[in-house]
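Colleague:
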Amino acid sequence: MTSPTFFDGPDGRRLAYHQTDGAGPWVVFLGGLKSDMKGTKALHLEAWAQQEGRAFLRFDYSGHGESSGSFEEGAIGDWAEDTAAIVAGLTEGPIVPVGSSMGGWQALLLARRMPERLAGLVTIAAAPDFTEDSYWAGFSEAQRAQVTTEGRVELPSDYMEPYVITRRMIEDGRANLVLRSPLVLPCPVRCLQGTADTAVTTETALRLLDHATCDDMRLTLVKDADHRFSDDRCLALIEAALTEVLTVAAETV
């Protein structure tokens, strides 16, 4: 596997990335919390883009993968700044973000920041506002007190070592919520969600569908698919959703 290139991001953060040149719109993969750009979905979509001759970008947020920084020092707003900076610096023209889990939240923040550039949007088990609706809402009184007084708490993960959740992540998350105020998505949107997902519920997917203002937004529920959403069946569904969004975008140009 080739070594990444590095982009000078906000506040001196160095962001690792891989870029494939091709026809626009640019497809930009946005990964999940504590994941990296070497995951199954990112690499599968990169191979798909190369086969299709499509411009593609995958990268690591600061504190993730091969980018600089510590995960525990980061927060939703930092990673939104990373995303906006690298998209502005490395791509031009229309974009189609593909956001997985926390990356779905990042895709929605990007849509707010640069709506004029969105040609389409695909989310996979999107987790908007999870710092408030999942972490804080699910904390016990003892955990809330620990975050407030000690500045951090550890949560177990089904997929890796425990997550360290900091007070800054909670407070910064509140400054970046997308389900409490108008969310206008000016492009075709396709949302994918597994019914066996233990990290993001179907209720979250339905809430996003109901909350957003969008003329062409569809949610596909996939029976028994889990949060990884990366077996052959799910990868084919991601391809199909992305292809559909790109086709609709091309027809409206």
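No gaps in the numbering here: position 114 of the sequence shown is 113 in numbering that gives the first Met the number 0, and each next residue is one more.
Virtual Cβ for every residue (Gly too), placed ideally from N, Cα, C.
(1) By DSSP, does F70 sit in helix, in strand, or in coil?
(2) Using the C-alpha atoms, what's the distance from W78 back to L234?
(3) Just reading off the beta strand (DSSP E) that W25 is part of, what are its end residues?
(4) Kindly list the residues whose CB is nearer than 6 Å to the CB of T251, restricted to its own chain and excluding five residues on each side of it in sequence; keep chain order.
(5) Please confirm if the segment 45–59 is in contact with the segment 20–30, defined as three or more CB-CB distances below 8 Å between the two stretches.
(6) Using only the alpha-carbon positions, how far apart do L218 and A249 sit?
(7) Is the beta carbon of V183 less than 8 Å from the beta carbon of T203?
(8) So is T90 buried or exposed if we call it buried at 16+ other beta carbons inside 10 Å?
(9) If you check the beta carbons only, do A74 and R167 fall under 8 Å apart?
(10) Given that a residue counts as buried once 16 or more other Cβ atoms are within 10 Å of its Cβ, and exposed if not, what is R57?
(11) Please list the terminal residues of the continuous alpha helix (DSSP H) segment that includes L207.
(12) Under DSSP, the alpha helix (DSSP H) around M216 begins and ends at which residues?
(13) Using the DSSP secondary-structure output, state which residues sit across from G98 in a beta bridge.
(14) If distances are taken between C-alpha atoms only, which option among K33, C186, A118 comes closest to G68?
(15) The alpha helix (DSSP H) spanning G88 covers which residue range?
(16) Taking C-beta to C-beta, are L207 and A124 nearer than 8 Å?
(17) In angstroms with no decimal places, state the Cα-to-Cα distance between I237 and P127.
(18) Does the Cβ-Cβ distance between L220 and T201 come in under 8 Å?
(19) Taking the alpha carbon of S100 as the reference point, which residue from T19, S66, D215, A41 has its own alpha carbon closest?
Modeller: This is what the structure gives:
(1) Position 71 of the sequence shown, counted from the start, is the residue given in the question as residue 70. It is helical.
(2) Translated into the one-based positions of the sequence shown, residue 234 becomes position 235. Translated into the one-based positions of the sequence shown, residue 78 becomes position 79. For the pair L234 and W78, the Cα-to-Cα distance works out to about 25 Å.
(3) On the sequence shown, residue 25 is found 26 positions in, with the first residue counted as 1. Where W25 is concerned, the enclosing beta strand (DSSP E) stretches over 22–29.
(4) By 1-based counting over the sequence shown, the position of residue 251 is 252. Taken in chain order, the list of residues that qualify is empty.
(5) With three or more CB-CB distances shorter than 8 Å, the segment 45–59 counts as touching the segment 20–30.
(6) Counted from its first residue, the sequence shown places residue 218 at position 219. Counted from its first residue, the sequence shown places residue 249 at position 250. About 21 Å.
(7) By 1-based counting over the sequence shown, the position of residue 183 is 184. By 1-based counting over the sequence shown, the position of residue 203 is 204. The answer is no: Cβ separation not under 8 Å.
(8) Taking the first residue of the sequence shown as position 1, residue 90 is located at position 91. When all chains shown are included, T90 counts as buried.
(9) Numbered from its first residue, the sequence shown carries residue 74 at position 75. Numbered from its first residue, the sequence shown carries residue 167 at position 168. Yes, they are a contact pair.
(10) The residue you call residue 57 lines up with position 58 of the sequence shown. Note on R57: 16 or more other CB atoms within 10 angstroms of its CB, so buried under the neighbour-count rule.
(11) For the purposes of this step, residue 207 is taken as the residue at position 208 of the sequence shown. In the DSSP assignment, L207 falls within the unbroken alpha helix (DSSP H) covering 201–210.
(12) As a working note, residue 216 is residue 217 in the sequence shown. Counting along the chain, M216 falls outside any alpha helix (DSSP H), though it belongs to the beta strand (DSSP E) covering 216–221.
(13) Mapped onto the sequence shown, residue 98 falls at position 99. Its beta-bridge partners are L29, T122.
(14) Mapped onto the sequence shown, residue 68 falls at position 69. Nearest of K33, C186, A118 to G68, Cα basis: K33.
(15) Sequence index remark: in the sequence shown, residue 88 carries index 89 (1-based). Residues 75–89.
(16) Residue numbering aside, residue 207 sits at position 208 when the sequence shown is read from its first letter. Residue numbering aside, residue 124 sits at position 125 when the sequence shown is read from its first letter. Not a contact, by the Cβ cut-off of 8 Å.
(17) Counting from one through the sequence shown, the residue named residue 237 turns up at place 238. Counting from one through the sequence shown, the residue named residue 127 turns up at place 128. Spanning the alpha carbons of I237 and P127 requires a straight line of approximately 19 Å.
(18) Position 221 of the sequence shown, counting from 1, holds the residue named residue 220. Position 202 of the sequence shown, counting from 1, holds the residue named residue 201. In contact: L220 and T201 (Cβ atoms closer than 8 Å).
(19) Your numbering for residue 100 matches position 101 in the sequence shown. The shortest C-alpha to C-alpha distance from S100 to any of T19, S66, D215, A41 is the one to A41.
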